[in-house]
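Report on the following structure.
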Amino acid sequence: MKVFFSFIVTVLTFFSLEAQQLSLGGNSWVANFKKASDEVNNLEEKLKYSEIKGTPYYNPDFESAKFDDTPTVAPIRYNTFLDVVEILIDNNTYEIPREATPKKFTFTKTNERLIVLDTHDEYAGYFFEIADGKYKILKKIKTKFYGAVPSKTHFAAGTVSRFESQRPLYFIKAESSEVITLKNTKDLLTYFPEKKDELNNFLKTNKIKLTEESDLVKLAQFINN
1 MKVFFSFIVT VLTFFSLEAQ QLSLGGNSWV ANFKKASDEV NNLEEKLKYS
51 EIKGTPYYNP DFESAKFDDT PTVAPIRYNT FLDVVEILID NNTYEIPREA
101 TPKKFTFTKT NERLIVLDTH DEYAGYFFEI ADGKYKILKK IKTKFYGAVP
151 SKTHFAAGTV SRFESQRPLY FIKAESSEVI TLKNTKDLLT YFPEKKDELN
201 NFLKTNKIKL TEESDLVKLA QFINN
């Protein structure tokens, strides 16, 4: 792992922001990466992303991002369908192995932070960090693929294959603790038994909605005080 990371730091040093690509510099570490997928193959059909309506990406364009808290910058994009981060190297697109990645990517343009967490459940993978602190607010974004449905009658139109973004899921995580889903107020209050009444009053007074990102930032500020 340390050897791999030293390789990637060395290579990324040659990154040119204007060229938006990395120089391999003759290193063989790229063998640890696999080419990023650009198709859906679900036994019923095999389609290129370009043949499908919508996008599997949070943003289809590569964006500059910092690795962890280092000055290292590289062009990446987040595939929300496969839950993988892709990196552009010498005009080729690769998946960054999750087990070997830095733990945080910060997009330089938007300052959005994408972190990787092993939650030991179906949500394990990448999350957007909405609020930092002792208690973090996290957002999970998923994209689903829906196959084409042919028309059954002359009067009803069929549907084309498409990618569709799902409603974001929000989570709260304390240091060295599990990640819990912010489904409802009852679950949230159970998570903070020592300040249940105070928190309940804050939620009601400020009309906090657990599905509103701006409200969750306020919630984080309150529980981190």
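With the working numbering applied, the sequence shown covers 1 to 225.
Beta carbons: idealized from backbone N, C-alpha and C, even for Gly.
For residue i, which of the options has the nearest alpha-carbon?
i	options	result
Y123	K139, I87, P75, E63	K139
D83	P75, F62, Y135, R98	R98
T55	F222, R162, F192, N92	R162
T70	F105, S50, D132	F105
K173	V160, G158, A157, F192	F192
K144	H154, E45, T153, E164	E164
D38	E45, S50, E44	S50
To the nearest angstrom, report how far apart residue i and residue j are at their CA atoms.
i	j	result
N111	D197	34 Å
N201	D187	15 Å
Q221	Y135	9 Å
S23	N184	Only weak support exists for where S23 lies, its pLDDT of 40 falling under 50; the value from the coordinates is given anyway. When rounded, the distance between both Cα atoms is 48 Å.
D118	P150	39 Å
Q166	Y146	12 Å
S28	F62	The predicted position of S28 is uncertain, since its pLDDT is 42 and thus under 50; a value taken from the coordinates is nonetheless stated next. Whole-angstrom Cα-Cα distance: 23 Å.
I228	K34	Because residue 228 is not part of the residues shown, which for the chain are 1 to 225, the question remains open.
N91	Y78	17 Å
N245	F67	Residue numbering for the chain in the displayed model covers 1 to 225; residue 245 lies beyond these limits and cannot be assessed.
L203	E213	14 Å
E208	L189	Inspection of the sequence shows that residue 208 is occupied by Ile rather than by Glu. Straight-line Cα distance between these residues: approximately 13 Å.
I'd like to know whether the C-beta atoms of residue i and residue j end up nearer to each other than 8 Å.
i	j	result
I87	K103	no
A65	F128	no
Y57	T93	no
I141	V217	no
L169	L210	no
N224	G133	yes
V227	Y126	The requested residue 227 does not occur in the structure, where the chain is confined to residues 1 to 225.
Below 8 Å on the Cβ atoms is my contact criterion, and I expect residue i with residue j to pass it. Report the Cβ-Cβ distance as a whole number of Å.
i	j	result
K48	V160	Their Cβ separation, rounded to whole angstroms, is 14 Å, which puts K48 and V160 out of contact at 8 Å.
I137	L219	7 Å
**Item:** Any beta strand (DSSP E) of 3 or more consecutive residues that is wholly inside the stretch 52-89
**Value:** Whole beta strand (DSSP E) segments, 3+ residues: 63-67, 73-79, 84-89.
**Request:** Pick out the complete beta strand (DSSP E) segments inside the stretch 130-172, 3 residues or longer, and give them in chain order.
**Result:** Runs of the beta strand (DSSP E) spanning 3 or more residues and lying entirely within the stretch 130-172 occur at 135-140, 143-146, 162-165, in chain order.
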